[in-house]
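Shown next, in structure tokens, is the structure this report addresses.
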Amino acid sequence: MAKNTQVEALVKQEYEAGFVTDIEADTVPPGLNEDVIRLISAKKHEPEWMTEWRLAAYRHWLTMSEPKWAHVNYEPVDYQSISYYSAPKSNDDAPQSLDEVDPKLLETYKKLGIPLHEQAMLAGVAVDAVFDSVSVATTFKKKLAEAGVIFCPMSEAVEKHPDLVRQYLGSVVPTTDNFFASLNSAVFTDGSFVYIPKGVRCPMELSTYFRINASNTGQFERTLIIADEDSYVSYLEGCTAPMRDENQLHAAVVELVALENAQIKYATVQNWYPGDENGVGGIYNFVTKRGACRGKHSRISWTQVETGSAITWKYPSCILIGDDSVGEFYSVALTNNYQQADTGTKMVHIGKNTKSTIISKGISAGHGQQSYRGLVKVLKGAENARNYSQCDSLLLGKTCGAHTFPYIEVKNPTAQIEHEATTSKIGDDQLFYCMQRGISEEDAVSMIVNGFCKDVFAELPMEFAVEAGKLLAVSLEGAVG
Amino acid sequence: MTQPIKMLRDAAWQVYEQTGLPTTRNEDWKYTDLSRLTAVLGETWWTPSHAADLDKETVEEQSIPELDAYRLIFINGRFQEDMPNLPEGVSVVPLSTLLVSDADKAAKALEMDEKTPLFNGAIAVNTAMASDGACICIADGVKLDKPLYLLHVATSGGASHIRHGIWMGRGATAHVIEHYVGNSTDAGLTHNVTLVHLDEAATLYHDRLQLEAEKQFHLGRVDVKQLRNSRFVSHSLALGAALSRVDIAVSLSGVNASCVLNGLYLIGGRQHADHHTRIDHASPDCTSQETYKGVLSGRAHAVFNGKVVVHEGADGTDAKQSNGNLLLSDHAEVDTKPELEIYADEVKCAHGATVGQLDLEQLFYLQSRGLDKTSAKNVLTFAFADDALTQMISAPVRRYLERAALKRLPQGDELQEMV
Chain A
-18 MAKNTQVEAL VKQEYEAGFV TDIEADTVPP GLNEDVIRLI SAKKHEPEWM
32 TEWRLAAYRH WLTMSEPKWA HVNYEPVDYQ SISYYSAPKS NDDAPQSLDE
82 VDPKLLETYK KLGIPLHEQA MLAGVAVDAV FDSVSVATTF KKKLAEAGVI
132 FCPMSEAVEK HPDLVRQYLG SVVPTTDNFF ASLNSAVFTD GSFVYIPKGV
182 RCPMELSTYF RINASNTGQF ERTLIIADED SYVSYLEGCT APMRDENQLH
232 AAVVELVALE NAQIKYATVQ NWYPGDENGV GGIYNFVTKR GACRGKHSRI
282 SWTQVETGSA ITWKYPSCIL IGDDSVGEFY SVALTNNYQQ ADTGTKMVHI
332 GKNTKSTIIS KGISAGHGQQ SYRGLVKVLK GAENARNYSQ CDSLLLGKTC
382 GAHTFPYIEV KNPTAQIEHE ATTSKIGDDQ LFYCMQRGIS EEDAVSMIVN
432 GFCKDVFAEL PMEFAVEAGK LLAVSLEGAV G
Chain B
9 MTQPIKMLRD AAWQVYEQTG LPTTRNEDWK YTDLSRLTAV LGETWWTPSH
59 AADLDKETVE EQSIPELDAY RLIFINGRFQ EDMPNLPEGV SVVPLSTLLV
109 SDADKAAKAL EMDEKTPLFN GAIAVNTAMA SDGACICIAD GVKLDKPLYL
159 LHVATSGGAS HIRHGIWMGR GATAHVIEHY VGNSTDAGLT HNVTLVHLDE
209 AATLYHDRLQ LEAEKQFHLG RVDVKQLRNS RFVSHSLALG AALSRVDIAV
259 SLSGVNASCV LNGLYLIGGR QHADHHTRID HASPDCTSQE TYKGVLSGRA
309 HAVFNGKVVV HEGADGTDAK QSNGNLLLSD HAEVDTKPEL EIYADEVKCA
359 HGATVGQLDL EQLFYLQSRG LDKTSAKNVL TFAFADDALT QMISAPVRRY
409 LERAALKRLP QGDELQEMV
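Protein chains in written order, with our numbering: chain A, -18 to 462; chain B, 9 to 427.
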């Protein structure tokens, strides 16, 4: 069975980005109580209202229980054994330019193949790199400032732009939204804040690379993007994590607000450590992402490539409030070995003539379990709402699973809703055709998988499309026997 | 009551006491609120209805016209002593008789595993209280020449707990029609569970026609186990009742078994119709095909949930499912959820769901050919709905349903000659 050996060799490829950078971290002892939250708030020099906001979220969180409905199994998380704050030591004298950045940190990026300044210069990308929980390097600030764009760490935004933060923080994902969002609201340590003023087209793609580093630290990122009237922004988020055995919790919250005629494109390449081939270790990725199209003709699109994490629990959603607003969701999710993903989207049509598109591609290999869970909801006033959903799954192997749970709730007769889903494996005839043209089996599989994901990759910015293709190739190539 | 039956009943009742009726907190009942049932019928919603007699004319009136069949009549859940002459190899014994004469067999007809998919407290009540039903056995190789027609009439309030059992021998073929009607002006409950067992290469055509009176509640459940090469073709119609819920669970547990689940819900006013289907592909090379159509007017609320589970090792599975919904009014609501759970890779599965209104271009086309707007709408609505009936094998049944469907459309009578 030459085929099988080949397959095994390819499937067993180890996680390329697995290493731990040795940087001294300023870490709070594990455990969660009001004092810890006050401490986090104090460390970030937050105003009183922010501390109270966190405490209110915490108190509500105490009354909630962890959701059990997702199609995933995992060891329960002990929330008292997690350390909720960790900042690199060099934080106190924060660097002003790349030269001042901890060389070890720069080395980390180099290992990941993301030379920070090079990429920033060449690709015209401003990188707000989040290393553990505190932003360390922020580039291209001046250029953005000229355009009037605010792109800074959340902690800075709380200090410098309290009005904006106060107005929008928690307005899309309330502190009481769900178990993980409440937890995040209570303990979030950093993340990005973006404000695009009226009529501004953001001059460059904004990007953040997340990276979990300090052992035993949960990452609780909070991102808030506000696109004011007639503005446009494209935001890229990518992450990798070093290899280790303990499960790490990642519970981020991302809020997007698009006002009249504004457009936000949010792209993610997620490559957290997925655990080894026996399902040991790996990141728990419980993320709440939601965008509100508040104004007329506003538009939000989510694009995600999910290849990492042991457990993924993530539903980037769009609340289409403004008339003629548009929501889009493009997703490629891959589960290999013992990875489990329960992901999808919610499209809530409230305004008239609202449109949404859902394209979800799931690829499952090894013992991977993959679920698409989506909701398309058309409320009574949403005249002429239109939705098209397509959820395709590709199965590679006998022991994996692919599941689809699409909820469709319609209360307006003028709505037009279509949902389609298919599940299949790579056809023997497709493989045969490619191979008789002289293409090797792995290349043929790679081609077919790439074709399968084409609709989604087309939505990614160039640099990400390349990275995404590479990620898939590494995780999957030849995984068909 | 004999001892084993009593134990079975007590155990089932205990299950109900523990679990109660499902609530909207339960994922399978998210959109169907049974508190409406308890609000109207009270906490003792299960109180059995009284026995009643019906004159021959009323029975004929309620029956499907021109249908040549072996007819069994149940009034308020009780079998009427009028057993047709059945051909050799076909045995039909009322559950009420079986409960007295053969406790073992009766227990078999009443058994219902708690672990079965979509199990709930209401089913436990059926096990605890079912007093009558038809226990149908078709011997190996017997091909029934005429359909078995089970007519259920509700004439007054109160609950009818009915349990049917259909056991088909190897290679046997039959067509069973369950027809639910009523002329009661009081609210009542029809509560039916049908267990189907198909041995190798058996074929069963099963029509479940729910045209209850407007205040009636209807809870139905069909549980099918299929062995190798067997075939199950089901049509489930919901046109009547204030609130109806029908669960159909099919387990394809033999190689090359196949099933077709079709259905139509055509409701208006404040009617609520819920269909949950579940198909378990537990063996290789099985096929399933599902088409459900819904037409909603008034303030009607329809729910469809179709789940296909492909178990590990069920290679060669071919599963197709589609659900189409037509909303004819501003206040109608539909919640649909076609689900796939797949644990094997050598499979072909597809599902689709649509919700929409009539195509304006199609309407325009028909109007340009001289049809008035209402007729044009009716023609299109009818064509949409009729799609779910094309695989019915009995022409009189289909005609009866088409007429009933047309009657529910505005000025639909004008189109009666179409069918």
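Glycine is no exception: its CB is placed at the ideal position from the N, C-alpha and C atoms. All of these numbers come straight from a predicted model, not from anything done at the bench.
Where residue i meets chain B, residues with beta-carbon distance less than 8 Å
{"i": "residue 406/A", "result": "353, 354, 355"}
{"i": "residue 348/A", "result": "Here the premise fails: no neighbours, minimum Cβ distance about 10 Å."}
Residue j beta carbon less than 9 Å from that of residue i
{"i": "residue 393/A", "j": "residue 347/A", "result": "no"}
{"i": "residue 213/A", "j": "residue 183/A", "result": "yes"}
{"i": "residue 335/B", "j": "residue 250/A", "result": "no"}
{"i": "residue 227/B", "j": "residue 181/B", "result": "no"}
{"i": "residue 359/B", "j": "residue 338/A", "result": "no"}
{"i": "residue 357/B", "j": "residue 404/A", "result": "yes"}
{"i": "residue 118/B", "j": "residue 216/B", "result": "no"}
{"i": "residue 140/B", "j": "residue 197/B", "result": "no"}
{"i": "residue 204/A", "j": "residue 172/A", "result": "yes"}
{"i": "residue 74/B", "j": "residue 307/B", "result": "no"}
{"i": "residue 165/A", "j": "residue 232/A", "result": "yes"}
{"i": "residue 230/B", "j": "residue 214/B", "result": "yes"}
{"i": "residue 138/B", "j": "residue 178/B", "result": "no"}
{"i": "residue 216/A", "j": "residue 248/A", "result": "yes"}
{"i": "residue 396/A", "j": "residue 352/A", "result": "no"}
Rounded separation between residue i and residue j - CA only
{"i": "residue 144/A", "j": "residue 249/B", "result": "56 Å"}
{"i": "residue 173/B", "j": "residue 241/B", "result": "16 Å"}
{"i": "residue 401/B", "j": "residue 372/B", "result": "34 Å"}
{"i": "residue 324/B", "j": "residue 418/B", "result": "46 Å"}
{"i": "residue 111/A", "j": "residue 151/A", "result": "Low per-residue confidence applies at residue 111/A: pLDDT is 47, beneath 50, and the placement is therefore not dependable, though the value from the model is reported in the following sentence. Whole-angstrom Cα-Cα distance: 21 Å."}
{"i": "residue 55/B", "j": "residue 85/B", "result": "12 Å"}
{"i": "residue 103/A", "j": "residue 429/A", "result": "The predicted position of residue 103/A is uncertain, since its pLDDT is 33 and thus under 50; no value can be drawn from it."}
{"i": "residue 239/B", "j": "residue 286/B", "result": "16 Å"}
{"i": "residue 243/A", "j": "residue 440/A", "result": "18 Å"}
{"i": "residue 246/B", "j": "residue 62/A", "result": "54 Å"}
{"i": "residue 235/B", "j": "residue 208/B", "result": "5 Å"}
{"i": "residue 420/B", "j": "residue 397/B", "result": "18 Å"}
{"i": "residue 424/B", "j": "residue 403/B", "result": "15 Å"}
{"i": "residue 252/A", "j": "residue 188/A", "result": "15 Å"}
{"i": "residue 411/A", "j": "residue 443/A", "result": "28 Å"}
Beta-bridge pairing of residue i - partner residues as DSSP gives them
{"i": "residue 171/A", "result": "202/A"}
{"i": "residue 78/B", "result": "156/B"}
{"i": "residue 168/B", "result": "198/B"}
{"i": "residue 86/B", "result": "83/B"}
{"i": "residue 317/B", "result": "288/B, 349/B"}
{"i": "residue 240/B", "result": "212/B, 267/B"}
{"i": "residue 165/A", "result": "According to DSSP, residue 165/A bridges with nothing at all."}
{"i": "residue 237/A", "result": "206/A, 272/A"}
{"i": "residue 233/B", "result": "205/B, 259/B"}
{"i": "residue 217/A", "result": "188/A, 248/A"}
{"i": "residue 176/B", "result": "146/B, 206/B"}
{"i": "residue 361/B", "result": "400/A, 331/B"}
{"i": "residue 295/B", "result": "266/B, 326/B"}
{"i": "residue 372/A", "result": "341/A, 402/A"}
Chain B residues whose Cβ lies nearer than 9 Å to that of residue i
{"i": "residue 142/A", "result": "Chain B residues near residue 142/A: none, gap ~41 Å exceeds 9 Å."}
Beta-carbon neighbours of residue i, restricted to chain A and to distances below 8 Å
{"i": "residue 345/B", "result": "386, 387, 388, 389"}
{"i": "residue 360/B", "result": "399, 400, 401, 402"}
Closer than 9 Å at the beta carbon, the chain A residues around residue i
{"i": "residue 280/B", "result": "What residue 280/B touches in chain A: nothing, since even the nearest Cβ is about 14 Å away."}
{"i": "residue 349/B", "result": "52, 352, 382, 383, 384, 385, 386"}
Beta-carbon neighbours of residue i, restricted to chain B and to distances below 7 Å
{"i": "residue 394/A", "result": "335, 336, 337, 338, 340, 365"}
ask   = Using a Cβ cut-off of 8 Å, which residues of the region 363 to 376 of chain B contact any Cβ in chain A, in chain order?
value = 363, 364, 365
ask   = In the region 372 to 384 of chain A, which residues sit with their C-beta less than 8 Å from some C-beta in chain B, listed in chain order?
value = 374, 376, 377, 378, 379, 380, 381, 382, 383, 384
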